[in-house]
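Mapping the sequence shown onto the working numbering, position 5 (from 1) lands on 7, and the numbers just tick up by one. Written out below as structure tokens is the structure these notes cover.
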Amino acid sequence: MIGQTSAAWCALVAVACLAGCASKQPTSQPSPSFQILESLPASGTIAPTDLYPLEPGTRRFLNIDTNADLIVTYSTTSDHDATIACAEGDQRVSYWRADEQDNIVMTVVFEAKDEALTQFAKPLLIARASFDKGVAAATSATMRVVDANDPSRQREFGKATRTLQYVDDQRIRTPMGEFTAKRISIRFRADLRMADVDEVTMLWIVPGTGIVAQSSTEQVKVMGVGKKKTRTLVLLEGG
């Protein structure tokens with residue numbers, strides 16, 4: 003039997019995959035692996051598959067905070083009413099597909115360490131078919147965290163809200179070179195029975211290449227006790 007506090011943390015680990023977990027606070031010094039050089043007005047368009055591919059492939063990212071590689075693998079699937087399974091190393095797998103309006107939605111998240119599934123009453127919007135600059139789009143859904151080996155065992159439940167916004171364009175430098183990238187802001191909030199999550203993620207997108215950098219800050223409160231995590235990733239190979 004999992005204790006209540008442990009169950010809450012297990013649930014939060016699972017839902018944090020929506021923008022990624024982190025394990026180390028960044029240094030106060032700017033990293034040579036990722037630099038913002040200039041901010042520009044938002045222009046042009048962004049394809050939803052630039053954020054979340056719908057075809058098999060592999061990408062290698064560097065976690066700047068830990069100096070460790072992260073291999074992200076996309077593979078076709080028919081599980082969980084999805085068409086693509088996205089595996090972040092051996093840690094977690096998220097499942098998504100295109101809906102009738104060509105948005106991309108997430109159906110389930112599997113967290114390997116805790117053998118937990120995060121399920122949504124309706125698929126959660128993770129990328130819009132079209133991004134209008136400055137316009138925020140939010141979707142909410144009831145969520146459950148269950149035992150992956152016995153889905154009838156519920157560990158946590160509550161409400162998830164995810165907000166997307168195309169903020170601006172920025173000229174950035176990464177290990178792959180300099181890019182003019184489109185910056186997408188994502189805010190994920192989970193109001194659970196024993197905990198609350200508030201996570202803000204910035205994605206830097208290059209059309210045709212996809213995500214070239216990602217930075218996230220997650221604040222978690224479990225039974226009134228707060229914890230903050232951060233993570234910064236840069237693309238090394240793939241796209």
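Positions of the beta carbon are idealized from the N, C-alpha and C atoms, including for glycine.
The beta strand (DSSP E) with residue i in it runs from where to where?
i, result
"Asp71", "70-78"
"Met145", "138-149"
"Phe190", "179-194"
"Asp81", "Element bounds for Asp81: n/a, residue is neither H nor E."
"Thr60", "59-65"
"Gly228", "227-239"
"Ala197", "197-208"
"Pro47", "The question names Pro, yet the displayed sequence has Thr at residue 47. Per DSSP, Thr47 belongs to no beta strand (DSSP E) and is neither H nor E."
"Phe112", "106-113"
"Pro125", "118-129"
"Leu166", "156-176"
"Ser132", "Premise fails: Ser132 is in no beta strand (DSSP E) and is neither H nor E."
"Glu40", "37-42"
"Thr219", "212-224"
"Glu90", "86-90"
In angstroms, rounded to a whole number, what distance separates the CA positions of residue i and residue j?
i, j, result
"Gly179", "Arg189", "28 Å"
"Phe112", "Ser154", "15 Å"
"Lys229", "Ala140", "25 Å"
"Thr211", "Asp193", "34 Å"
"Met225", "Arg195", "9 Å"
"Tyr97", "Asp200", "21 Å"
"Ser187", "Val208", "15 Å"
"Thr78", "Leu56", "8 Å"
"Ala114", "Leu39", "38 Å"
"Leu119", "Ala150", "5 Å"
"Val214", "Ser45", "18 Å"
"Leu243", "Ser217", "Residue 243 cannot be examined here, being either before or after the span of the chain that is shown, 3 to 241."
"Pro58", "Asp81", "15 Å"
"Ala197", "Arg146", "13 Å"
"Ala123", "Ser142", "10 Å"
"Thr163", "Thr144", "9 Å"
"Gly136", "Glu239", "30 Å"
"Phe63", "Arg99", "23 Å"
"Leu237", "Asp92", "18 Å"
"Pro32", "Gln103", "With a pLDDT of only 47 at Pro32, under the threshold of 50, the placement of this residue in the model should not be trusted, and no figure is reported."
"Asp152", "Asp101", "28 Å"
In terms of residue numbering, what span does the alpha helix (DSSP H) encompassing residue i cover?
i, result
"Asp52", "50-53"
Assuming residue i contacts residue j (C-beta within less than 8 Å), just tell me the rounded distance between them.
i, j, result
"Asn69", "Leu235", "Contact doesn't hold; Cβ gap of about 12 Å is too wide."
"Tyr244", "Phe133", "Past the edges of the chain, shown from 3 to 241, lies residue 244, and the structure says nothing about it."
"Val148", "Gln121", "6 Å"
"Thr182", "Val202", "Actually they are not in contact, since the Cβ atoms of Thr182 and Val202 sit about 23 Å apart, beyond 8 Å."
"Cys88", "Val107", "That belief does not hold up - the Cβ atoms of Cys88 and Val107 are roughly 13 Å apart, past 8 Å."
Decide if residue i is buried, meaning its Cβ has at least 16 other Cβ atoms within 10 Å, or exposed.
i, result
"Val110", "buried"
"Val227", "exposed"
"Asp71", "exposed"
"Ala138", "exposed"
"Ala84", "buried"
"Leu42", "exposed"
"Pro125", "buried"
"Arg233", "buried"
"Gln172", "buried"
"Asp116", "buried"
"Asp67", "buried"
Would you check whether the ligand ATP has a heavy atom nearer than 7 Å to the C-beta of residue i?
i, result
"Ala89", "The model depicted lacks the ligand ATP and carries no ligand whatsoever."
- Within the chosen definition, does the region 170-178 reach the region 152-160 through at least 3 CB pairs nearer than 8 Å? No, the region 170-178 does not touch the region 152-160.
- Looking at C-beta atoms only, is the number of pairs between the region 119-131 and the region 45-64 that lie closer than 8 Å three or more? Yes, the region 119-131 touches the region 45-64.
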